[in-house]
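A short write-up of the structure that comes next.
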Amino acid sequence: MKRYVVECKQDELSESIKDKLKKAFDGFMIYDSEYPELVISVGGDGTMLYCIHKYKNMLDQVAFIGVHTGTLGFLTDYQKEEIDFFIEDVKNGDFRFYNRYLLEVKTNKDSYLALNELRIENNMRSQVLDVSINGEFLETFRGNGLCVCTASGSTAYNKSLGGSIVCSGKGIMQLSEIAGIHHNAYRSLGSSLILDQSHTIHFESLDFRNAVLGIDQHVYDLQDVQYIDVKLSNKYACFAQLKKVSLIERLKRAYL
Ligand code: NAD
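Its first residue numbered 92, the sequence shown is counted upward by one per residue in the working numbering.
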C-alpha cells in the first residue's frame, strides 16, 4: 500500500477535491504527510512548484502528480472535471514515470534547487553582470537581469522573455536576457543560449544592490552575494504519469 499526501491550493474547490480524494483513497493508500511516496498536487502550476520545494529533501523517494484547478496547467495532467478518472487511474495503478531536471544554484552564501528557473532581477537600476561559461568569459550584460530556465520552465517566465519553448526530456538549460541594453557602447548576446549538463554558468557582479534572486516562486535578496553559479543538477523531480498529455496538446490548450 502506497503512502500519499494531497497538497492543495487554499481555495474552496481545491479543498473539496482534496476531501474527495482522501475519501476515495481511504483503505487503498495510507495518508502520510511526512514520508509520502506519492504527492498529489491540487491547484495550479504554483501549487506543484510548492510541492516540489516542500519535498525537495526527499526527491529520490517521491513521485508527483497534479490535478489542475487553476488557470493554466503545464505541470499538472488532470483537469478538475476529470477527478473521477483520476481516482480510477490511481486505483488501477498503471503508473509510468518521467523525470524533470532541476537547476542547481550556488552563491557564496547559499544553494538552491529550481524546477522552472532562476532569475537575477533588478528593477531599480541597470544590473551589470559578468557572464562566464565553464570558466570562459562570455559577456558583460547590462539591463534588468538574466534568467536561466530548465526545459520544464521554458513555458513559464522564459516564454515571456521571448525564449524558446523546449520540447525535450533531455537535460538542457536556457539563458535569456531580461530587458538587455544594446547599443554602440553596451552589447550582449541578445539571443537565448541553450546549454547542457556539461556547462556551468557563472554570474559575477561588483554590485548586487537592489537586485533579487528569484528561484521559481521564491525571491531572495542578494546582499553580500558576489557570484552565482548555475548548472543542471543530478537531482530531478520524478513525475508519475497515468495519462499522456503531449506538449503540443498543452501548448494548444494554453496559448492557441
Ligand atoms: P503563479 O502561480 O501566479 O504563476 C504565474 C504563471 O506562471 C501562472 O499562470 C502559472 O500557471 C505559470 N507557470 C508556472 N510554471 C509554469 C510552467 N512550468 N509552464 C508554464 N506556465 C507556468 O506565480 P508563482 O506561484 O509565483 O509561480 C512562479 C512561477 O511563475 C515562476 O517560476 C515563473 O516562471 C512564473 N511567472 C511567470 C511570469 C511571466 O511569465 N511573466 C511572471 C511571474 C511568474
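We put the beta carbon where it would ideally sit given N, CA and C, even for glycine.
How big is the Cα-Cα spacing for K109 and D312?
-> Locating residue 109 in the sequence shown gives position 18, counting from the first residue. Locating residue 312 in the sequence shown gives position 221, counting from the first residue. Between K109 and D312, the C-alpha separation is close to 35 Å.
Residue from V257, F165, H159 whose Cα sits closest to the Cα of I174 | Counting from 1 along the sequence shown, the entry for residue 174 is found at position 83. Out of V257, F165, H159, H159 has the C-alpha closest to the C-alpha of I174.
At a cut-off of 6 Å, is G253 close to the ligand NAD when judged by its beta-carbon and the heavy atoms of the ligand?
-> As a working mapping, residue 253 is identified with position 162 in the sequence shown. No, Cβ of G253 sits at least 6 Å from all heavy atoms of the ligand NAD.
When you compare each of N207, S132, S217 to Y327 by their alpha carbons, which one comes out closest?
-> The residue labelled residue 327 in the question sits at position 236 within the sequence shown. Residue N207 is the option with its Cα nearest to Y327.
Could you give the residue range of the alpha helix (DSSP H) that holds S348?
-> Any answer about residue 348 is impossible in this case: the structure gives the chain only from 92 up to 347.
Integer-rounded CB distance, given that K111 should sit under 8 Å from G161 = By 1-based counting over the sequence shown, the position of residue 161 is 70. By 1-based counting over the sequence shown, the position of residue 111 is 20. The Cβ separation is near 17 Å, so there is no contact.
Work out the CA separation of E295 and I306 for me, nearest whole Å.
-> As a working note, residue 306 is residue 215 in the sequence shown. As a working note, residue 295 is residue 204 in the sequence shown. Using only the alpha carbons, I get a separation of about 17 Å.
Buried or exposed for E227, please, with buried defined as at least 16 other CB atoms from any protein chain shown within 10 angstroms of its CB.
-> Taking the first residue of the sequence shown as 1, we reach residue 227 at position 136. E227 comes out exposed.
For T246, is the beta carbon positioned less than 6 Å from some heavy atom of the ligand NAD?
-> As a working mapping, residue 246 is identified with position 155 in the sequence shown. Yes.
Which residue or residues does DSSP assign as beta-bridge partners of V222?
-> The residue you call residue 222 lines up with position 131 of the sequence shown. In the DSSP output, where bridge partners are listed per residue, V222 has E230, F294.
R341 and F165 closer than 7 Å at C-beta | In the sequence shown, counting from the first residue as 1, residue 341 sits at position 250. In the sequence shown, counting from the first residue as 1, residue 165 sits at position 74. In contact: R341 and F165 (Cβ atoms closer than 7 Å).
CA-CA distance, F116 and I178?
-> Looking up residue 116 in the sequence shown gives position 25. Looking up residue 178 in the sequence shown gives position 87. Roughly 8 Å between the two C-alpha positions.
Three-state class that DSSP yields for M264 in the structure shown | By one-based count along the sequence shown, residue 264 stands at place 173. Here M264 sits in strand by DSSP.
To the nearest angstrom, report how far apart K113 and K197 are at their CA atoms.
-> By 1-based counting over the sequence shown, the position of residue 113 is 22. By 1-based counting over the sequence shown, the position of residue 197 is 106. Cα-Cα distance, rounded: 38 Å.
Using beta-carbon positions only, say whether V239 and L280 come within less than 7 Å of one another.
-> Along the sequence shown, one-based indexing puts residue 239 at 148. Along the sequence shown, one-based indexing puts residue 280 at 189. In this structure, L280 does not lie closer than 7 Å to V239 by Cβ.
Assess, as a yes-or-no matter, whether the segment 279-293 is touched by the segment 309-325 under the definition of 3 or more beta carbon pairs within less than 8 Å.
-> yes
Residue nearest to I285 in terms of C-alpha spacing, selected from G254, A302, M149, Q170 | Numbered from 1 along the sequence shown, position 194 holds the residue referred to as residue 285. Closest option to I285, Cα to Cα, is G254.
4 or more residues per run - each alpha helix (DSSP H) lying fully within the segment 153-209 = 174-183
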